[in-house]
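Its first residue numbered 18, the sequence shown is counted upward by one per residue in this note's numbering.
Glycine included, C-beta positions come from ideal geometry on N, C-alpha and C.
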Amino acid sequence: TKPEQHVAIEVSRDLVVHADPIRLAQIMANLLSNAAKYTPGGGHIWVEGRHVEDKIELRVRDDGMGIGPETLEHVFDIFVQEPQALDRAHGGLGLGLAIVRGLVAAHDGTVAAHSAGISNGAEFVVTLPTYDAERESARDVAPKSPRPEPTRI
Numbered sequence: 018t019k020p021e022q023h024v025a026i027e028v029s030r031d032l033v034v035h036a037d038p039i040r041l042a043q044i045m046a047n048l049l050s051n052a053a054k055y056t057p058g059g060g061h062i063w064v065e066g067r068h069v070e071d072k073i074e075l076r077v078r079d080d081g082m083g084i085g086p087e088t089l090e091h092v093f094d095i096f097v098q099e100p101q102a103l104d105r106a107h108g109g110l111g112l113g114l115a116i117v118r119g120l121v122a123a124h125d126g127t128v129a130a131h132s133a134g135i136s137n138g139a140e141f142v143v144t145l146p147t148y149d150a151e152r153e154s155a156r157d158v159a160p161k162s163p164r165p166e167p168t169r170i
């Protein structure tokens, strides 16, 4: 983070998903890295994790640079960058959010981006299926490909 960036974390302790812990950490690291890059000193970054119905929702929100509407609809595409502040100027190649989208999809989840435009911050919402021991034990009866172990968020 930059000097005087304020980070608030509010994550329920009972969030468990079927996930590769290294990939889950990579998802969060990419989202937090972007929030820190595009939020000036004195700005705020919020991390929230909670149950929403039968899913787990992870949110990373900031009050930084924001994303213009033209860029927002393509923000998860490879090499897409906000014209006002190219990722390369911040040390990136425009790959992080494309990687996030791929890793989230590999875990049967979704990711969405929201912003009210330039100078209005951004929010990224990752939704993953909740780990359900009963459902998983029913799956174990049929042959399947290996799945990651349950991981606490």
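**Prompt:** With respect to the alpha helix (DSSP H) encompassing glycine 83, which residues constitute its N-terminal and C-terminal limits?
**Reply:** Here residue 83 refers to the residue found at position 66 of the sequence shown. No alpha helix (DSSP H) holds glycine 83; DSSP gives it neither H nor E.
**Prompt:** Cα separation between alanine 52 and glycine 58?
**Reply:** Taking the first residue of the sequence shown as 1, we reach residue 52 at position 35. Taking the first residue of the sequence shown as 1, we reach residue 58 at position 41. Cα to Cα, alanine 52 sits roughly 12 Å from glycine 58.
**Prompt:** CB threonine 88 to CB valine 97, shorter than 9 Å?
**Reply:** Here residue 88 refers to the residue found at position 71 of the sequence shown. Here residue 97 refers to the residue found at position 80 of the sequence shown. Going by C-beta atoms, threonine 88 is nearer than 9 Å to valine 97.
**Request:** Spatial neighbours of leucine 48 within its chain, please: CB distance less than 6 Å, with the 5 preceding and 5 following residues excluded, ordered by chain position.
**Result:** One-based indexing of the sequence shown puts residue 48 at position 31. Within the same chain, leucine 48 has close Cβ partners Val77 and Phe141.
**Prompt:** Considering only residues of the same chain and omitting the five flanking positions on each side of arginine 105, which have a CB-CB separation below 6 Å?
**Reply:** As a position in the sequence shown, residue 105 is number 88, starting the count at 1. Because the pLDDT of arginine 105 is 42, which lies under 50, any placement of that residue in the model is unreliable, and the question is left without a value.
**Request:** Below 6 Å CB to CB, which residues in the same chain sit around serine 50 once its five sequence neighbours on both sides are set aside?
**Result:** For this step, residue 50 is matched to residue 33 along the sequence shown. For serine 50, same chain residues with a beta-carbon under 6 Å away, outside a window of 5 residues either side, do not exist.
**Request:** Going by CA-CA distance only, name the one from Leu75, Gly83 and Thr127 that's closest to glycine 134.
**Result:** Here residue 134 refers to the residue found at position 117 of the sequence shown. Nearest of Leu75, Gly83 and Thr127 to glycine 134, Cα basis: Gly83.
**Item:** Cα-Cα separation, valine 185 to isoleucine 39
**Value:** Outside the shown range of the chain, which is 18 to 170, sits residue 185, and nothing can be said about it.
**Request:** In the DSSP assignment, find the unbroken beta strand (DSSP E) run with isoleucine 26 in it and report its ends.
**Result:** Counting from 1 along the sequence shown, the entry for residue 26 is found at position 9. Per DSSP, isoleucine 26 is one residue of the beta strand (DSSP E) stretching across 23-28.
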